[in-house]
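Visitor:
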Amino acid sequence: MSTRLHALHAAGQSLWLDYIDRAMLSNGDLSRRIREDALTGQTSNPTIFEKALAEGAAYDAQLATLDGSRSDREAFEVVATTDVRDACDAFRIVYEQTDAIDGYVSLEVSPDLARDTHGTVAEARRLWQIVDRPNLMIKVPGTHEGAEAIRQLIADGINVNVTLLFSIDAHARVIEAFIAGLEDRAAAGQPVARIASVASFFISRVDSAIDKQLAGMAAANPAAADTFNALQGRAAIANAKLAYRLFTASFSSPRWAALAAHGAQVQRPLWASTSTKNPAYRDVIYVEELIGTNTVNTLPPATLEAFRDHGDVRASVAENVADAERVLSALESQGVSVQAVTDTLLAEGLASFEHSFVTLLSGLNRKRAALANTASSTGAPAVASL
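Take any residue in the sequence shown, note its place counting from 1, add 39, and you have its number in the numbering used here.
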């Protein structure tokens with residue numbers, strides 16, 4: 040039993056694994072983690088699937104059965120929805136035991152739909168039907184267009200993981216979309232209970248970007264270097280603490296109480312990008328400093344193992360919120376625009392996921408061609424197409 044991970048869960052934070060591949064689904068590793076590590080959910084994205092498909096031959100058997108006339112995008116959808124469906128089944132016991140609060144597995148809409156509300160809604164509805172599991176979450180980027188899609192999907196009764204949130208303004212926008220979607224659903228006479236959503240607020244990338252600016256400013260102005268250096272490594276946690284404050288206020292209002300009376304559950308903040316990019320920082324700092332009730336932390340495997348080994352648990356996310364405000368104000372006063380940084384990070388995040396998706400499809404094309412050539416050269420009999 041993983042004492043530290045269970046203590047983290049007992050403090051009100053759900054642990055989701057930020058990784059998926061077919062091996063862990065078939066060799067019992069995921070089921071073991073659910074039993075032993077207090078793991079209650081799982082997330083995926085194009086970069087994760089790109090790595091999973093590039094390593095080994097776990098997907099070859101299924102890919103070999105695909106009709107060659109199907110596009111690489113369609114082929115990816117087949118293998119991704121298979122993995123996510125199997126993961127949903129593994130987490131179904133958690134979903135039932137927590138009365139639909141936890142036990143979710145996330146699958147992202149295609150990254151090239153990030154600025155397309157109608158395309159996002161259509162693909163999300165289609166993926167929801169294909170996977171056909173109540174503990175699926177559809178990941179939608181937190182763009183303006185994404186927020187419009189989120190409202191429609193929540194009104195449909197589809198669980199949503201809002202991804203790539205960096206700014207408080209964006210967080211406020213998707214909270215509004217979630218609540219409005221539930222209100223639309225209630226107005227249509229539909230139940231609002233057992234509809235789940237998380238708002239994935241990205242952490243470490245904020246420090247990486249702002250620290251880079253501060254280091255450049257310190258180099259250019261040595262006389263003020265101590266001031267700039269003292270602000271390094273503080274922006275990301277401060278930003279997240281203010282996001283948690285917004286969450287607490289938004290879901291304590293009379294407006295929300297009217298929905299909660301009918302069984303609606305809150306849209307929990309999810310801390311994403313919680314691996315430490317700067318080796319000078321404690322490797323579990325973005326877990327330890329953001330622990331609180333009704334939160335989720337999606338941990339890459341290495342960060343989960345690090346916390347299992349030496350993580351400390353305390354109710355930290357609501358601590359020193361006034362200091363968090365001072366940190367962000369100090370950055371602004373020194374000429375660091377947090378809004379400009381978060382806007383850039385959103386654009387970079389969208390571009391990164393789209394690049395991973397293109398690379399994934401290219402690699403999938405090569406793998407399918409190699410499998411077809413192998414089958415042709417060995418005279419293997421045709422297999423049923425999917």
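Each residue gets a CB set at the ideal place from its N, CA and C atoms; glycine is no exception.
#1: Where Thr-120 and Val-170 are concerned, what is the direct C-alpha to C-alpha distance, given to the nearest angstrom?
#2: Can you tell which of Ala-219, Val-305 and Val-326 has its C-alpha closest to the C-alpha of Gln-52?
#3: From Ala-26 to Phe-396, what distance separates their C-alpha atoms?
#4: Taking three-plus beta-carbon pairs below 8 angstroms as touching, is the region 301–317 in contact with the region 219–236?
#5: Spatial neighbours of Asn-333 within its chain, please: C-beta separation below 7 angstroms, excluding the five flanking residues on both sides.
#6: Using only alpha-carbon positions, find the residue among Gly-185, Arg-72, Val-375 and Gly-142 that is nearest to Asp-151.
#7: Buried or exposed: Ala-100, going by 16 or more other Cβ atoms within 10 Å of its Cβ?
#8: On the DSSP bridge list, what partners appear for Ser-401?
#9: Could you work out which residue in Asn-317, Ser-83, Gln-229 and Phe-130 is closest to Arg-74 when comparing CA atoms only?
#10: Using a threshold of 8 angstroms, state whether the C-beta atoms of Ala-257 and Val-366 are closer than that.
#11: Taking DSSP as the reference, what is the three-state secondary structure of Tyr-134?
#12: Hey, how far is the Cα of Asp-155 from the Cα of Ala-262?
#13: According to DSSP, which residues form a beta bridge with Phe-241?
#14: Go to Thr-332, then tell me how far its beta strand (DSSP E) extends in each direction, as first and last residue.
#15: Just the Cα atoms here: how many angstroms apart are Thr-202 and Leu-146?
#16: Quick check on Thr-342: does DSSP put it in helix, strand or coil?
#17: Put Ser-236 into one of helix, strand or coil per three-state DSSP.
#18: Can you find the residues in the same chain that come closer than 6 angstroms, C-beta to C-beta, to Ala-264, ignoring five residues on each side of it along the sequence?
#19: Would you grab the beta carbon distance between Arg-172 and Ala-219 for me? Rounded to a whole angstrom, and I think it's under 8 angstroms.
#20: So which of Ile-140, Ala-77 and His-157 has the shortest CA-CA distance to Leu-56?
#21: State the DSSP-derived secondary structure class of Gly-220, mapped to helix, strand or coil.
#22: Indicate the three-state DSSP secondary structure (helix, strand or coil) for Tyr-143 in the structure shown.
#23: Could you give the distance in angstroms between the alpha-carbon of Ala-361 and the alpha-carbon of Ala-97?
#24: Pick helix, strand or coil for Lys-316, following the three-state DSSP scheme.
#25: When you compare each of Ser-243, Ala-188 and Gly-228 to Gly-388 by their alpha carbons, which one comes out closest?
#26: To which residues does DSSP link Met-176 through a beta bridge?
Guide: In terms of the structure at hand:
#1: When rounded, the distance between both Cα atoms is 6 angstroms.
#2: Val-326
#3: Nothing about residue 26 can be reported from this structure: the residues present for the chain run from 40 to 425 only.
#4: Yes: at least three Cβ pairs fall under 8 angstroms.
#5: Gly-51, Val-305 and Arg-307
#6: Nearest of Gly-185, Arg-72, Val-375 and Gly-142 to Asp-151, Cα basis: Gly-185.
#7: exposed
#8: Listed as beta-bridge partners of Ser-401 by DSSP are no residues whatsoever.
#9: Phe-130
#10: no
#11: helix
#12: Straight-line Cα distance between these residues: approximately 48 angstroms.
#13: According to DSSP, which records beta bridges pairwise, Phe-241 is partnered with Ala-311.
#14: No beta strand (DSSP E) holds Thr-332; DSSP gives it neither H nor E.
#15: 11 angstroms
#16: In the structure shown, Thr-342 sits in a helix (DSSP, three-state: H, G or I).
#17: strand
#18: The answer, listed in chain order, is Ala-257.
#19: Wrong, their Cβ atoms sit about 26 angstroms apart, outside the cutoff.
#20: Ala-77
#21: helix
#22: Here DSSP, grouped into helix, strand and coil, assigns Tyr-143 to strand.
#23: 50 angstroms
#24: coil
#25: Ser-243
#26: Beta-bridge partners assigned by DSSP to Met-176: Ser-145.
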